[in-house]
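Q: Heads up: the sequence shown begins at 70 in the working numbering, then just goes up one per residue. We put the beta carbon where it would ideally sit given N, CA and C, even for glycine.
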Amino acid sequence: MLDIFKNWISSILAIGILFTIIKIILPNSNLKKYIYSLIGIITIIVIANPIISLVKNSDSNTIKNILLNATSNIGATDINYTDISNYEDVNKNNVKENFKSSVEEDIKNRVSSNIENGIDVNIQITDTYNIEKVNITLYGDTSFDIISFISKEYDVDKSKINIQKGG
């Protein structure tokens, strides 16, 4: 079987090389389109030759087995898509984590310009993407009213914002 495949590839390469040589050598004339047509027909015959020989030399059971093996391998995958709910849960969690990270970064960027040494922000959100609690650790002194700013900008109740001094 491997020899048949090697011979088939060799024939296709030989036709390609021959076609290229003829294209280079052939002068611009009216015969050019007829020669291209002839080479195209020969190429189709060379490509179809293994299939023709397989049909001609074998019985119908061999062809049937080849077709059954080919179609059985097409549907084989390692991924099981029957448990869609698991993928939906993972997707929801990823979206929720991305939202949480984005809000934490936004708070950090908007407030850190008023802090000497920076801050850490950690928020908790609900399933409906509402901010449930904001924990901030300050690493410097500030006269900036962070609680009022976050309450106003992110529509969070002041009692849900916790600020700690860091070391």
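Which residues does DSSP list as the beta-bridge partners of Thr206?
A: DSSP lists Asp189 and Gln233 as partners of Thr206.
Q: From Lys227 to Ile184, what distance separates their C-alpha atoms?
A: For Lys227 and Ile184, the distance between alpha carbons rounds to 20 angstroms.
Q: For Val159, count the other beta carbons within 10 Å of its own beta carbon; 16 or more makes it buried, fewer makes it exposed. Which is it?
A: Classification of Val159: exposed, given that the 10 Å Cβ count is below 16.
Q: Nearest to Glu222 by alpha carbon, out of Thr89, Glu173 and Lys92?
A: Nearest option by C-alpha distance: Glu173.
Q: Measuring CA to CA, which of Gly209, Asn163 and Ser171 is closest to Ser182?
A: For Ser182, the nearest C-alpha among the options comes from Gly209.
Q: So, using beta-carbon positions, are Tyr198 and Phe218 closer together than 8 angstroms?
A: Contact: no.
Q: In the DSSP output, what is Ile194 paired with across the bridge?
A: According to DSSP, which records beta bridges pairwise, Ile194 is partnered with Ile200.
Q: For the alpha helix (DSSP H) that contains Phe88, what are its first and last residues?
A: Per DSSP, Phe88 belongs to the alpha helix (DSSP H) from Leu71 to Ile94.
Q: Work out the CA separation of Tyr103 and Ile114 for me, nearest whole Å.
A: Taking the straight line joining both Cα atoms gives about 17 angstroms.
Q: Exposed or buried, Ile93, counting other C-beta atoms within 10 Å across all chains shown (16 or more means buried)?
A: Ile93 is exposed by the Cβ-count criterion.
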